[in-house]
Amino acid sequence: GINTGYIRASGFNLVASVERNGKRIIGVVFGSRSSRSRNRLMTKLLDQGFAKINAALVGSQYTAPKKAPVAKVATGKISWGIQVGAYKTTEPAYAIARKAQEKAPDLLIDGYIKVVPLTKGVRTKVYRARILGLSKKQAYRACRVLKRRKINCMELRMKKDLQQVARAQPNRS
Numbered sequence: 023g024i025n026t027g028y029i030r031a032s033g034f035n036l037v038a039s040v041e042r043n044g045k046r047i048i049g050v051v052f053g054s055r056s057s058r059s060r061n062r063l064m065t066k067l068l069d070q071g072f073a074k075i076n077a078a079l080v081g082s083q084y085t086a087p088k089k090a091p092v093a094k095v096a097t098g099k100i101s102w103g104i105q106v107g108a109y110k111t112t113e114p115a116y117a118i119a120r121k122a123q124e125k126a127p128d129l130l131i132d133g134y135i136k137v138v139p140l141t142k143g144v145r146t147k148v149y150r151a152r153i154l155g156l157s158k159k160q161a162y163r164a165c166r167v168l169k170r171r172k173i174n175c176m177e178l179r180m181k182k183d184l185q186q187v188a189r190a191q192p193n194r195s
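Each residue of the sequence shown is one higher than the one before, counting from 23 in our numbering.
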């Protein structure tokens, strides 16, 4: 490890450096609610990082196929995401998505932020703040946690072509 700490304004923080099999990863976690949740999140992040490094190394040991690969047809697999707001510009959309990840890191660590523009009317555009790449369970649990923390949230069911079906629920907080 490099440094741990607690700051009342931001919570439990950790910067860690780990080496495995000659490869080093540095991880940073800010704003956890407890040292235990901070440590669990850091362990998960580092394990995921090393898994990606190892996958890349294994893949690079093979030679490229002689024939061009055929594109696979979409399977219709459904994934999930959440939407945490819609704004007139991209900056607040990204900010609320990052805030949502900070408020529910254990549930949203596997997701990725995507700000999706939507044109309404002739010239009005809104930017929808989303976190995608989640399981159904992660999406529902994350929205429950975020609503308790006064962040609007709705679950999104994503189809193969990224069409979504939103399940809007009233904010019960």
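Quick reminder that beta carbons are idealized off the backbone N, C-alpha and C, glycines included.
Report the residue from the options whose alpha carbon sits nearest the alpha carbon of residue i.
{"i": "Ala117", "options": "Tyr149, Gln70, Lys45", "result": "Tyr149"}
{"i": "Ile173", "options": "Gly53, Asn43, Ser101, Ala115", "result": "Ala115"}
{"i": "Ala126", "options": "Ser101, Thr65, Gly44, Leu168", "result": "Leu168"}
{"i": "Lys66", "options": "Asp132, Glu124, Arg170", "result": "Asp132"}
{"i": "Gln160", "options": "Arg42, Tyr134, Ala38", "result": "Tyr134"}
{"i": "Lys147", "options": "Ala38, Arg42, Ala122, Ala108", "result": "Ala108"}
{"i": "Arg171", "options": "Glu124, Ser157, Lys142", "result": "Glu124"}
{"i": "Asn61", "options": "Ala38, Asn43, Gln70, Leu156", "result": "Ala38"}
{"i": "Lys136", "options": "Lys142, Glu113, Lys158, Ser157", "result": "Glu113"}
Would you say residue i and residue j are within 8 Å of each other, going by their C-beta atoms?
{"i": "Ser59", "j": "Asp128", "result": "yes"}
{"i": "Leu154", "j": "Met176", "result": "no"}
{"i": "Ile104", "j": "Phe72", "result": "no"}
{"i": "Leu68", "j": "Val51", "result": "no"}
{"i": "Trp102", "j": "Leu36", "result": "no"}
{"i": "Gly33", "j": "Gly49", "result": "no"}
{"i": "Val3", "j": "Arg120", "result": "What the structure shows of the chain is the stretch from 23 to 195, and residue 3 is not part of that stretch, so it cannot be assessed."}
{"i": "Ile75", "j": "Lys45", "result": "yes"}
{"i": "Ala122", "j": "Val144", "result": "no"}
Tell me, to the nearest whole angstrom, how far the beta carbon of residue i is from that of residue j; I am working on the premise that it is less than 8 Å.
{"i": "Ala164", "j": "Leu130", "result": "6 Å"}
Over what stretch of residues does the alpha helix (DSSP H) that includes residue i continue unbroken?
{"i": "Ile222", "result": "Because residue 222 is not part of the residues shown, which for the chain are 23 to 195, the question remains open."}
{"i": "Arg171", "result": "Where Arg171 is concerned, there is no enclosing alpha helix (DSSP H), given that its DSSP letter is neither H nor E."}
What residues match up with residue i in a beta bridge as DSSP calls it?
{"i": "Ser54", "result": "Phe34"}
{"i": "Ser101", "result": "Met180"}
{"i": "Lys74", "result": "Answer by DSSP bridge pairing: none, since Lys74 is not bridged."}
{"i": "Ser39", "result": "Ile48"}
{"i": "Ala108", "result": "Arg150"}
So residue i is in the beta strand (DSSP E); what residue range does that whole segment cover?
{"i": "Ile135", "result": "134 to 142"}
{"i": "Arg152", "result": "146 to 156"}
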